[in-house]
Amino acid sequence: MKDILTLGIESSCDETSASIVKNGREILSNIIDTQIPIHEKYGGVVPEIASRNHIEAISRVVKEALKEANVRFDEIDSITPTYGPGLVGALLVGLSYAKALSYAINKPLVGVNHIQGHIASNYITYSELKPPFLCMMTSGGNTQIVYVKDYTQFEVLGKTRDDAIGEAFDKVARVVGLGYPGGPKVDKLAKEGKPIYELPQTHFDNLDFSFSGIKTAVINLNHKNPDINKADLCASFEKAVTDVLITNIKKAIKQTGVKTITLAGGVSANSYIRQEFLKLEKEGIKIYMPDLKLCTDNAAMIASAGYYNFIAGKIDELDLNAVPNLKLPEGRLPEGRFSWQ
Ligand code: KG4
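In the numbering used here, the protein residues as written are 6 to 346.
What follows is the structure, encoded as structure tokens:
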């Protein structure tokens with residue numbers, strides 16, 4: 006069978022990335038142009054600056070991806086940009102580039118939901134992985150448990166009611182003086198501390214999450230005692246948010262009977278979270294976690310998700326628009342049951 010080559014394009018936040026992926030699983034190139042050093046001095050991503058930098062980078066990044074993969078434009082089978090969720094101006098850069106390219110070289114355009122992309126990062130890391138499985142999706146913009154029924158069929162079983170977990174990591178880092186992006190810095194410092202502070206965890210009857218209580222408790226402790234040991238505070242924060250993730254994933258396993266779990270999203274790079282999830286394997290649960298370099302935003306995961314959309318016939322028209330609050334379908338019915346119950 007002929008190989009299928011996908012050009013993935015990602016520009017939803019502060020990474021301009023392009024990638025060529027073969028048959029949805031094999032990376033031929035994955036160029037990531039990060040803007041982190043540019044946004045660092047502002048303590049977070051400035052949307053307008055992000056858009057401008059994407060415009061400057063996009064053409065070069067796509068050309069580099071083709072060159073490194075040794076692939077010509079005419080050899081590509083589909084062009085798969087992220088069209089949401091994300092910053093609208095940033096999304097529009099990658100999407101507009103992809104639409105223009107699709108028109109110019111007459112290749113199909115296949116829009117990809119960024120969250121679907123994060124989920125697909127596991128297909129690249131594990132060639133044997135197949136749906137169904139549950140995905141614990143933890144990133145800067147999202148925290149949700151997704152029931153991945155098939156490659157293009159998803160149901161969100163629970164999600165955060167306030168902060169995304171990555172937002173909480175970034176806020177805690179800022180408060181204790183670690184800077185942006187906070188997650189990796191909290192991860193590093195927490196290794197030197199002990200989780201000696203009991204922080205208030207919020208648990209719901211269903212599979213929803215809340216992290217604002219834990220975050221506020223950290224801020225208050227730090228405010229009341231500026232000399233507090235920051236490493237202990239970071240370790241306590243990490244333990245509290247991880248406990249919440251593990252409690253909910255165990256509930257989801259019980260409700261669905263699905264015992265294969267994947268992690269995805271930037272926060273799944275966290276070493277404590279990875280270590281605690283791996284402990285679940287002792288309970289007969291299979292854990293998959295993406296390669297560290299595929300946890301944060303990159304176009305290879307978008308190309309992988311795009312490949313599965315493409316072979317399922319999900320081709321888009323050239324009027325595809327950016328959808329900043331794009332969501333995966335929810336599995337919860339109004340009466341609180343799930344669709345399979
Ligand atoms: O998935 P991602 O690159 O962007 C979104 O799609 O949101 O995730 C970025 C988030 C940031 O909040 C960052 O602080 C967090 O992932 N992050 C981490 C780690 N590495 C990145 N959080 C905790 N521990 C890490 N090692």
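Glycine is no exception: its CB is placed at the ideal position from the N, C-alpha and C atoms.
Nothing here was measured: the structure is a model prediction, and the numbers come from that model.
- Per DSSP, reduced to three states, the secondary structure at Ser144 is coil, with no helix or strand assignment.
- In the DSSP assignment, Val177 falls within the unbroken alpha helix (DSSP H) covering Ile170 to Val180.
- In this model, Gly187 and Tyr131 are separated by some 28 Å (Cα to Cα).
- When only Cα atoms are considered, Val50 and Arg57 end up about 12 Å apart.
- Inclusion of Asp302 in the 7 Å shell around the ligand KG4 follows from its C-beta lying nearer than that to a non-hydrogen atom of the ligand.
- Linking Met294 to Ala269 through their CA atoms gives a straight-line distance of about 7 Å.
- In this structure, Pro189 has its CB closer than 7 Å to one or more heavy atoms of the ligand KG4.
- If you look at Gln158, you'll find it in the beta strand (DSSP E) that goes Gln158 to Lys164.
- Closer than 7 Å to some heavy atom of the ligand KG4: that does not describe the Cβ of Cys239.
- A contact between stretches requires three or more CB pairs, one per stretch, nearer than 8 Å, and the region 80-89 meets this requirement with the region 106-118.
- With a cut-off of 7 Å, the C-beta of Val50 is classified as distant from the ligand KG4, since no heavy atom of the ligand falls inside that distance.
- Around the CB of Pro205, fewer than 16 other CB atoms lie within 10 Å, so the residue is classed as exposed.
- Taking the Cα positions, Glu15 is about 9 Å away from Ile37.
- Around Leu97, the same chain offers Ser56 and Ala327 as residues with beta carbons nearer than 8 Å, after the five sequence neighbours per side are excluded.
- Secondary structure note for Glu281: its alpha helix (DSSP H) is the uninterrupted segment Ser276 to Leu283.
- In this structure, the CA atom of Thr21 is about 12 Å from the CA atom of Ala70.
- DSSP, read as helix, strand or coil, puts Phe216 in coil.
- Here the alpha carbon of Gly184 sits roughly 13 Å from the alpha carbon of Lys235.
- Between the C-alpha atoms of Phe138 and Lys27 there is a straight-line separation of about 23 Å.
- Our two residues, Ala195 and Ile224, have alpha carbons roughly 16 Å apart in a direct line.
- For Asn111, the closest of Ser83, Ser126, Leu100 and Ala95 by C-alpha to C-alpha distance is Ser83.
- Not one heavy atom of the ligand KG4 lies closer than 7 Å to the C-beta of Cys140.
- In the structure shown, the three-state DSSP call for Phe209 is coil.
- For the ligand KG4, no non-hydrogen atom lies closer than 7 Å to the CB of His228.
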